[in-house]
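For reference, the structure is listed below as C-alpha cells.
Number of protein chains: 2
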Amino acid sequence: MISKNQLKLLRALGQKKQRKAHGLFLVEGEKNVLELVGAQLTVKQVFATSDFLSANEQALSRFDCIEASLDELTKASSLVTNNAAVAIVEIPSHDIPEAKGLMIALDGVSDPGNLGTIIRVADWYGIKHIVASTDCADPYNPKTIRATMGSFGRVQVSLTDLPSYLEQASIPVYGAFLEGESVHSTQFSAQGILLMGSESHGVRAEAEKHVTDKITIPAFGGAESLNVAMATGIILDNLRRQHS
Amino acid sequence: MISKNQLKLLRALGQKKQRKAHGLFLVEGEKNVLELVGAQLTVKQVFATSDFLSANEQALSRFDCIEASLDELTKASSLVTNNAAVAIVEIPSHDIPEAKGLMIALDGVSDPGNLGTIIRVADWYGIKHIVASTDCADPYNPKTIRATMGSFGRVQVSLTDLPSYLEQASIPVYGAFLEGESVHSTQFSAQGILLMGSESHGVRAEAEKHVTDKITIPAFGGAESLNVAMATGIILDNLRRQHS
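Sequence lines, in order, name chains A and B. Okay, so the first sequence: first residue is 1 according to this note's numbering, each after it adds one. Okay, so the second sequence: first residue is 1001 according to this note's numbering, each after it adds one.
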C-alpha cells in the first residue's frame, strides 16, 4: 500500500520545484522502471503491482519495493493509462561534459515530450551527452522521462549557459537552419556538436554566433518545417552514416 | 457567435462515427485553417475570432465565416490551448491510388498523433499517397489533423485492405524491420512502397508476406526501438538521398 506521505511525495515530484528541493524524480511505467535495473542511478523506492513485482522478482531484488494496487498507482502517477510501476530515483549530480566526440546542443527546446524523444533518438545513435540552454524542458519532468522509453539512463542532459558553452568548444558546431548546406552533401567531422533550436524560434542569435557550419534537411514537398525531434533524428542518421 | 446547433455539430465531429455520418471533419488551429485557403477541399464554415478574421480577410473571403470569441472557440474545439479558428470541412472522396512512384504503407499504426506526424514528414519528402490498413488511426481524427501541421491538404491517406493492396503492387515493397539491410547501404528503386508497422506489433505476417526488401535503420547505442513516425522520417531521408 502507498502511505499518505508517500502519495504526497509522488504527487509533489510532478513539479520541478519539488524535484529540485528533494533531489528526486519519478520514473513511471513498466519499461522505464525495468531500465533502472542496469542503470547507474540510486533508486529510493519502487511502487508496483504484485503481478509486476513477482514477474520481475530477481531483477528488482536490490530495490526497496512496495506493493500497491493498479488503482493506487494510477492515482499516484501522472500517466493517464494504467501504470503498473513507479519509482522514486535520485537526481544524479554530474559535471558539464567536455566538448568532444559527437554531442547534441539544444537551444530553447521547451516541450518535455520533444526533449524525451530527442533523448531516445540520441541513445539510438549512441550519443551520450546533450547540453541544453537553461530554458529547455526539465530532463527530469515525468513527461520527458516517459518519452525517452528507457533511454534516460544512458544519455546525460546538462542544462547550462549554452552560448558560453559553445563559445569555448573547440570542435565544429553544426547548427540546423532552414537554409544551410544540405545534410546529404555535408562532410561531417568525426567530432562535433549538433545544435538544434526550438520549432517556434529556431536557433537564437546568441547561440548562432558560435555555429561553424549551417546545415539543413533538404525538403521535397510542401511542409514548411519538421518537428525538432524528427529533425534531430534525421540529422543524426546523416552524421552516423559518415562516422559510425 | 456559435449557435447551439453549430456547437453540437462541432463537438460531434470529435467522434469517428459522427464524422462518417456527416461526411465532415474538423480543422483546428490558425495554421491549419489557413492551409485550407490553397487546398482542394470543400470548406463548409470557418469559426474564428474577429482578430483572426480581420487579419486574414482576403484569404478567407471565399469561405462562410462566423465570428466567435476565443472562449467559445476553445469550448467548441478539442484543443486544450487557445484556439483562434476552427473549420468544418467535407471529407473528400477519392479512389485508392495506383501503386506507383514513392508511397508509404502503414500496418496497424493506431495512434492519431503518430499518423499526423507521418503525414507531415511524408509531405516534407514530397510523398503524396499513404495507404493504411483499416485498423490504422482515422486520418480525419482532430488529433491527426493537428499533428500534420497543415500537411493534411497535400497528402492523401487511403484506408484499405493492406495485404491485398500490397499483393497486387508491382513495385518493390520496402518493409521496416529491426533486422534487415541497413538503409545506409540499400539501393532503393526509384519507385517503391515503404511499409511501416506499429511500434507494438511491427509489420504483421499478412503484410510481411508481400515485402520484397527488408530494411533497417542501423543502431549505434542502447535504445531498443524508434518511434514509428521518427523511423518513417529517417527512412524517407535515405530514400530521397537516392531519388530526389
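The C-beta atom is built at its ideal place from N, Cα and C for all residues, glycine as well.
A Cβ-Cβ contact shorter than 8 angstroms links LEU26(A) with ILE145(A). For GLY175(A), there are no neighbours in chain B by C-beta distance under 9 angstroms, as the nearest C-beta there is about 18 angstroms away. Under the Cβ distance rule, ASP1237(B) counts among the residues neighbouring chain A, one pair being separated by less than 8 angstroms. In chain order, VAL1157 place their CB closer than 6 angstroms to the CB of PRO1139(B), counting only its own chain and leaving out the 5 sequence neighbours on each side. For ALA1105(B), no chain A residue has a C-beta closer than 7 angstroms to its own C-beta; the minimum C-beta separation is roughly 18 angstroms. If only uninterrupted beta strand (DSSP E) runs of at least 3 residues are considered, those enclosed by the stretch 44–87 of chain A are 65–67. Residues of chain A with a Cβ closer than 7 angstroms to the Cβ of ILE1234(B) are, in chain order, GLY233, ILE234, ASP237. Residues are counted here when their Cβ sits less than 8 angstroms from a Cβ of chain A; for the stretch 1213–1228 of chain B these are ILE1217, PRO1218, ALA1219, PHE1220, GLY1221, GLY1222, ALA1223, GLU1224, SER1225, LEU1226, ASN1227, given in chain order. Shown here, LYS1143(B) sits in a helix according to DSSP, grouped into three states.
The DSSP-derived three-state label of HIS22(A) is helix. For GLY202(A), the closest alpha carbon among the candidates PHE177(A), ILE215(A), ALA223(A) is that of PHE177(A). Every beta strand (DSSP E) of 3 residues or more that sits fully in the stretch 1116–1187 of chain B is shown, in chain order, as 1129–1133, 1156–1160, 1173–1182. Out of LEU1024(B), SER1189(B), SER1244(B), the CA that lies nearest to the CA of ALA1087(B) is found in LEU1024(B). Burial is judged here by how many other beta carbons sit within 10 angstroms of a residue's own beta carbon; LYS1143(B) has at least 16 and is buried.
At least one beta carbon of chain A lies nearer than 8 angstroms to the beta carbon of THR1117(B). It is roughly 20 angstroms from the alpha-carbon of ASN56(A) to the alpha-carbon of THR74(A). Listed in chain order, the non-local C-beta contacts of GLU1035(B) below 6 angstroms within the same chain comprise GLY1150, GLY1153, local neighbours out to five positions each way being set aside.
Not a single CB atom of chain B sits nearer than 8 angstroms to the CB of ARG204(A). Taking C-beta separations shorter than 6 angstroms and ignoring five residues to either side along the sequence, the partners of GLU72(A) in its chain run ILE2, following chain order.
Chain-ordered, the chain B residues with CB closer than 7 angstroms to the CB of GLY126(A) read PHE1220, GLY1221. For ARG154(A), the residues of chain B that pass the 9 angstroms Cβ criterion are GLY1221, GLY1222, ALA1223, in the order they occur in the chain. When DSSP reads this structure, LYS4(A) sits in no beta bridge, so it has no partner. For ARG240(A), the nearest beta carbon of chain B is closer than 8 angstroms to its own beta carbon. For LEU1102(B), the uninterrupted beta strand (DSSP E) run begins and ends at 1102–1107, by DSSP.
For GLY1192(B), DSSP records a beta bridge to LEU1102(B).
Selection ALA48(A), GLU181(A), SER78(A) evaluated against ALA12(A) yields SER78(A) as nearest (Cα-Cα).
At a cut-off of 8 angstroms, the C-beta of ARG1120(B) has a neighbouring C-beta in chain A. Across the stretch 184–204 of chain A, CB contacts with chain B closer than 8 angstroms involve HIS184, in sequence order along the chain.
Here the stretch 1005–1022 of chain B makes no contact with the stretch 206–223 of chain A; the two share fewer than three CB pairs at distances below 8 angstroms.
According to the DSSP secondary-structure assignment, VAL1037(B) is paired through a beta bridge with no residue. By the criterion of at least three beta-carbon pairs nearer than 8 angstroms, the stretch 221–229 of chain A is not in contact with the stretch 126–138 of chain A. In terms of Cα proximity to ALA1229(B), the closest of ALA1099(B), LYS1044(B), VAL1109(B), GLY1038(B) is VAL1109(B).
The C-beta of ASP71(A) comes no closer than 8 angstroms to any C-beta of chain B. GLU206(A) and GLU199(A) have their C-alpha atoms some 17 angstroms from each other.
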